[in-house]
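A.B. asks: The following block contains the structure, expressed as structure tokens.
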Amino acid sequence: WSGSLGHFGSQGGVNVRYSETSPVFVARDGFVPFTDTKDLGAFLFQRRQWRTGPLRELQLSLNANESTHFDGSFFQRSTGVGGGVRTANDIGLGFEYSQGGFEQYRDHLSSVNVRYPASDFFHSVGLGYSFGNLEGRRYRRFTPFFSYRFGNRLSVRFSHDTSRHSENLDLD
């Protein structure tokens with residue numbers, strides 16, 4: 212079972228949720244990502260917009276999640292902070308930092324990105340870069356992308372990911 216309580220508006224929002232999946236739970240369709248978990252999570256975001264000045268939008272978000280097994284032992288934990296700005300020149304800059312653990316692993320990941328024009332999701336180009344440690348190993352990811360909408364019906368987004376992780380570090 213699960214439940215959540217939240218409030219979202221144009222300038223921000225907050226959400227708290229709780230869920231449990233029994234150790235003996237069996238789904239009719241056969242898909243259950245994890246059983247034997249109790250999860251508590253929270254999310255908060257704030258956004259401000261201006262019509263004049265060098266900054267037109269500022270966003271900030273915080274999230275946290277804690278998961279245990281039914282016997283109380285550790286399963287998963289994550290925290291993160293993210294944000295972004297949109298300039299008067301319609302350049303979008305974003306960042307995110309997250310840290311967490313999953314069973315025996317302790318990870319942290321930072322990401323930065325830039326997009327232009329930031330106010331038009333359907334016609335834009337951008338670059339993203341992520342770095343940190345996943346599963347105890349160095350991780351890097353570079354992602355250029357562009358989006359285009361043909362008329363009012365067909366939208367396409369092309370991106371290319373180049374990742375370096377423990378499985379392919381020997382290729383460097």
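Just so you know, the sequence shown maps onto residues 212 to 383 in my numbering.
We put the CB at the ideal spot given by N, CA and C, even for glycine.
All of these numbers come straight from a predicted model, not from anything done at the bench.
Just confirm the distance between the C-beta atoms of Asn226 and Ser215, as a whole number of angstroms; I'd bet it's less than 8 Å.
C.D. replies: About 6 Å separates the two Cβ atoms, so the contact holds.
A.B. asks: Can you tell me the Cα-Cα spacing of Thr263 and Arg297, whole angstroms?
C.D. replies: Taking the straight line joining both Cα atoms gives about 12 Å.
A.B. asks: Excluding the 5 residues preceding and the 5 following His351 in the sequence, name in chain order all residues of the same chain whose CB lies nearer than 6 Å to its CB.
C.D. replies: At residue 351 the sequence reads Arg, which differs from the His that was named. Once the five neighbours on either side are set aside, the close Cβ partners of Arg351 are Phe342, Arg375.
A.B. asks: Whole angstroms is fine: what's the gap from Phe306's alpha carbon to Thr248's?
C.D. replies: Near 30 Å, if we compare the C-alpha coordinates of Thr248 and Phe306.
A.B. asks: With a cut-off of 8 Å on the beta carbons, I'd call Ser370 and Phe356 a contact; round off their distance for me.
C.D. replies: Indeed they touch by this definition, with Cβ atoms about 4 Å apart.
A.B. asks: Between which two residues does the beta strand (DSSP E) carrying Val225 extend?
C.D. replies: Note, Val225: beta strand (DSSP E), 223–232.
A.B. asks: What residue does the beta strand (DSSP E) around Ala275 start on, and which one ends it?
C.D. replies: 266–279 is the extent of the beta strand (DSSP E) around Ala275.
A.B. asks: Thinking C-alpha only, which one of Thr354, His334, Thr232, Leu273 is nearest Val363?
C.D. replies: Reading off the sequence, residue 363 comes out as Asn, not Val. For the residues Thr354, His334, Thr232, Leu273, the minimum Cα distance to Asn363 belongs to His334.
A.B. asks: So, at 7 Å on beta carbons, what are the nonlocal neighbours of Gly223 in its own chain, with the 5 sequence-adjacent residues on each side left out?
C.D. replies: Only Phe256, Gln257, Arg258 meet the Cβ criterion.
A.B. asks: If you reduce the DSSP assignment to three classes, tell me which class Pro262 lands in.
C.D. replies: For clarity, residue 262 is Arg in the given sequence; the question names Pro instead. Looking at Arg262 - three-state DSSP - the assignment turns out to be coil, as it is neither helix nor strand.
A.B. asks: Give me the Cα-Cα distance between Phe361 and Arg368, rounded to the nearest whole angstrom.
C.D. replies: The alpha-carbon atoms of Phe361 and Arg368 are separated by roughly 11 Å.
A.B. asks: Between Ser278 and the rest of its own chain, which residues show a CB-CB distance below 6 Å, the 5 nearest in sequence each way excluded?
C.D. replies: The answer, listed in chain order, is Thr248, Asp250, Phe286, Gln287.
A.B. asks: Here's a check: name, in chain order, each residue in its chain whose Cβ is nearer than 6 Å to the Cβ of Gln260, leaving out the five neighbours to either side.
C.D. replies: Here the set comprises Glu268.
A.B. asks: Inspect the beta-carbon positions of Gly303 and Arg317 and report whether they are closer than 9 Å.
C.D. replies: The answer is no: Cβ separation not under 9 Å.
A.B. asks: Could you please give the first and the last residue of the uninterrupted beta strand (DSSP E) stretch that includes Gln371?
C.D. replies: Here residue 371 turns out to be His, not Gln, going by the sequence shown. Note, His371: premise wrong, no beta strand (DSSP E); not H, not E.
A.B. asks: Shortest alpha-carbon distance to Pro328 belongs to which of Leu345, Tyr359, Phe313, Ser321?
C.D. replies: Per the Cα distances, Tyr359.
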